[in-house]
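Residue numbers (the working numbering): 75 to 199.
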């Protein structure tokens, strides 16, 4: 031990990561170390890196299962989410449409709005 910090074995880190579904901050709390210590070991040990990546992959699988459940229930938000993300290649994208207008057209539109507002005020008394 140098500087009063305990060195954890790779096995202890792997066990903590497994118990915490690959969440580094939780695994660090479980071990009593900083997340930075686990990131450091991850950079040095491909097995630790692989364990974290596999846990994250499982997390995505779980999320996809949950999404599928909501799709089967016809949840509008789930349908919209899938179409906006996975359906992009079929044209389901959300975008802001803009168009250019001349300064003259813009000024005319503003003047028209002012006139409408003036007439409303006159009608109201």
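Yeah, the Cβ is synthetic: ideal placement off N, Cα and C, and Gly gets one too. The model shown is predicted, which means the values in this text are computed figures rather than measured ones.
Q: Could you check if residue 87 is buried or exposed, using at least 16 other CB atoms within 10 Å of its CB as the buried criterion?
A: With 16 or more other Cβ atoms inside 10 Å of its own Cβ, residue 87 counts as buried.
For this session: Kindly indicate which residue of 196, 191 and 111 has the alpha-carbon position closest to the one of residue 80.
Result: 111
inquiry  = Quick check on this structure: which residue in 150, 92 and 83 has the alpha carbon closest to the alpha carbon of residue 133?
reply    = 92
Could you give the distance in angstroms between the alpha-carbon of residue 106 and the alpha-carbon of residue 98?
The C-alpha of residue 106 lies about 12 Å from the C-alpha of residue 98.
Inside the region 102-152 only - alpha helix (DSSP H) runs reaching at least 4 residues: If we require 4 residues or more, the alpha helix (DSSP H) runs fully inside the region 102-152 come out as 109-118 and 120-146.
Quiz item: Does the Cβ of residue 190 have 16 or more other Cβ atoms within 10 Å, making it buried, or fewer, making it exposed?
Solution: By the 10 Å Cβ count, residue 190 comes out exposed.
Can you tell me where the alpha helix (DSSP H) with residue 198 in it begins and where it stops?
177-198 is the span of the alpha helix (DSSP H), which, as asked, contains residue 198.
Straight-line Cα distance separating residue 148 from residue 164: Taking the straight line joining both Cα atoms gives about 20 Å.
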